[in-house]
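In the numbering used here, the protein residues as written are 52 to 475.
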Amino acid sequence: MAPWLAPAPLALDAALLAAFVLDGRRARTTGLQAARQLPPLLVQGERSEVRVRIVSRARRPIAVLLREGLDSGLAPGPLRRELAVAPEGRAIWSYTLTPRRRGNHRLDALAARILGPWGLAWADVELLPPETARVYPQVRWGGPVGKLLTLAQRRQLGVTPTRIRGLGTEPYALRRYMPGDPPSKIQWKATARHGRLIVREDTWERGTRLLILLDCARSMASVEGEKSKLDAALAAALALTRVAAARGDRVTLLTFSDRVERIVRVASGARGASSAYRQLYDAEAKLAEPAYDLALEQAARLESRQATVVLFTSILDLASAELLQRSVNEIRRRHRIVLVNLEDAELARLAWEAPRSTLEAFAKVSALEILLANRDLGFRLRRAGIRVASAPADGLALEALETYLEMQRERSAGPAPAAARRTI
């Protein structure tokens with residue numbers, strides 16, 4: 052209606068656009084610094100506090116919207132928080148993190164949306180680069196398992212005297228040959244080096260040899276609640292490692308699926324158990340059939356002397372059960388075998404609940420058949436002299452520890468007298 056007024060709105064629009072761009076640039080150059088403080092140890096299923104500190108060098112108050120991008124193994128989704136930072140001040144954002152899965156998980160860059168000084172524009176900046184967080188399996192135990200671990204740490208667990216029979220086989224020292232020393236003890240390399248006969252002195256082994264086999268195949272991939280079967284078995288295996296290493300035993304862990312995955316040799320003491328945590332925290336289950344024969348053959352190659360072999364698995368397939376029995380029978384003459392079976396909660400539910408449809412009735416019959424086959428397998432293995440322990444996920448660690456300590460007590464006590472054996 053008034054053509055001569057047309058340039059005024061255009062000029063105002065241009066000025067507003069220029070102010071918007073300038074406000075966005077000033078927001079982008081705001082002097083904000085951030086630091087993320089993760090807890091020293093992230094444990095699966097345990098609540099931990101993460102602190103993000105924001106420091107401002109600007110002379111004006113700043114409104115900032117923070118976004119923390121987290122992997123699905125750490126949280127269900129990203130976290131957001133709006134903060135007001137005082138001039139040349141600081142603000143702290145604390146949030147609780149409950150890791151859902153073990154392993155390496157990515158924390159995306161800490162993104163911040165900063166409001167400009169004129170309140171016209173927001174600027175997106177990255178305050179922190181991406182980083183990787185390690186989530187470890189269960190390490191804090193309460194109840195009976197916690198008491199056993201505490202006693203093992205104080206070296207008050209399993210200090211019963213061990214009967215010593217015959218000559219020791221553990222190398223102790225080298226010394227000069229004395230008349231009467233057996234020729235088999237002569238160390239020929241040391242003899243050639245010193246120019247005189249040198250023999251080896253042996254002592255008795257202070258600890259036993261323990262092989263822990265951890266099944267990482269298809270049956271261990273099922274999830275109950277927030278954790279998988281492998282999570283429960285790994286936590287129990289690491290608890291057993293802590294107890295055995297504290298007692299002075301030589302521990303070797305082997306994980307397998309359709310092949311041998313990892314072999315970890317553990318030194319005695321707390322440091323050895325810590326190395327096992329660092330090397331096995333990210334073990335994952337694979338959708339493959341378990342190769343019990345390969346795992347037990349590798350166990351026989353790792354330990355030529357008599358050792359205790361503890362196998363953590365969950366038997367759901369009848370064909371796998373037959374393979375397990377054949378493989379165990381091949382090495383039971385050399386090693387003491389302990390089979391720790393993780394009971395399947397879904398299988399037990401199908402077996403004991405009343406069916407409400409034809410499909411559930413067929414599922415119930417199949418579940419009962421598997422449970423009956425597992426019971427028959429356990430009976431046959433026990434008749435062959437193999438220890439069999441079965442427990443649900445929440446009682447697996449305690450069952451494994453009690454079975455292992457009972458075997459060590461029996462080994463320390465020695466064989467029963469003939470009269471006692473006849474009475475039994």
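For each residue, glycine too, the CB sits at the ideal point set by N, CA and C.
First through last residue of the alpha helix (DSSP H) which encompasses residue i
| i | result |
| --- | --- |
| R108 | Taken as a continuous stretch (DSSP letters only), R108 belongs to no alpha helix (DSSP H), as it is neither H nor E. |
| Y146 | Segment R141 to L148 is the beta strand (DSSP E) holding Y146; no alpha helix (DSSP H) there. |
| A66 | P58 to R79 |
| S378 | L369 to I382 |
Among the options, the one whose alpha carbon lies nearest that of residue i
| i | options | result |
| --- | --- | --- |
| R79 | D175, S270 and V311 | D175 |
| A135 | R102, L166 and F71 | L166 |
| A370 | P195, V250, E340 and R385 | E340 |
| T149 | Y187, V416 and A86 | Y187 |
| I263 | R227, A272, L93 and L331 | L331 |
| R76 | W169, L116 and P233 | W169 |
| R191 | L423, T201, R185 and R151 | T201 |
| S308 | M271, T147 and P54 | M271 |
| A287 | Y328, A65 and E252 | Y328 |
| S319 | C267, A203, A350 and E404 | A203 |
| V360 | A297, R269, V302 and P233 | V302 |
| D476 | Q459, P91 and Q95 | No answer is possible for residue 476: the residues shown for the chain start at 52 and end at 475. |
| R151 | A57, R98 and Y455 | R98 |
| G140 | L63, A85 and S325 | A85 |
Which of helix, strand or coil DSSP assigns to residue i
| i | result |
| --- | --- |
| G154 | strand |
| E182 | strand |
| K337 | coil |
| W239 | helix |
| Q349 | helix |
| S417 | helix |
| E411 | helix |
| T298 | Note that residue 298 is Arg in the sequence shown here, rather than Thr. Coil at R298, not helix or strand. |
| Q330 | helix |
| R260 | strand |
| A342 | coil |
| A203 | helix |
| E453 | helix |
| V210 | Summary for V210: the model assigns pLDDT 45, below 50, so the residue's position carries little reliability, and this model does not support an answer. |
Per DSSP, cross-strand counterpart(s) of residue i
| i | result |
| --- | --- |
| N392 | T364 and S441 |
| F307 | D266 and V311 |
| Y187 | V94 |
| R387 | T359 |
| V103 | R87 and W144 |
| L166 | W173 |
Any chain B beta carbon closer than 8 angstroms to residue i
| i | result |
| --- | --- |
| A86 | Here there is only one protein chain, and chain B is not present. |
Residues near residue i by beta carbon distance below 8 angstroms, same chain, minus five either side
| i | result |
| --- | --- |
| L419 | A402 |
| A137 | S107 and P112 |
| Q357 | R260, R385, H386 and R387 |
| I143 | R102, V103, R104 and I105 |
Limits of the beta strand (DSSP E) - the one that residue i falls within
| i | result |
| --- | --- |
| E133 | L130 to V136 |
Close beta carbons around residue i, own chain, < 6 angstroms, minus the five adjacent residues each side
| i | result |
| --- | --- |
| V439 | L390, G429, L432 and R433 |
| N392 | I366 and S441 |
| Y228 | L248 and V250 |
Chain-order list of residues whose beta-carbon lies under 7 angstroms from that of residue i (same chain, five-residue window excluded)
| i | result |
| --- | --- |
| L452 | V196, L199, A290, L291 and V294 |
| L374 | Y343 and D344 |
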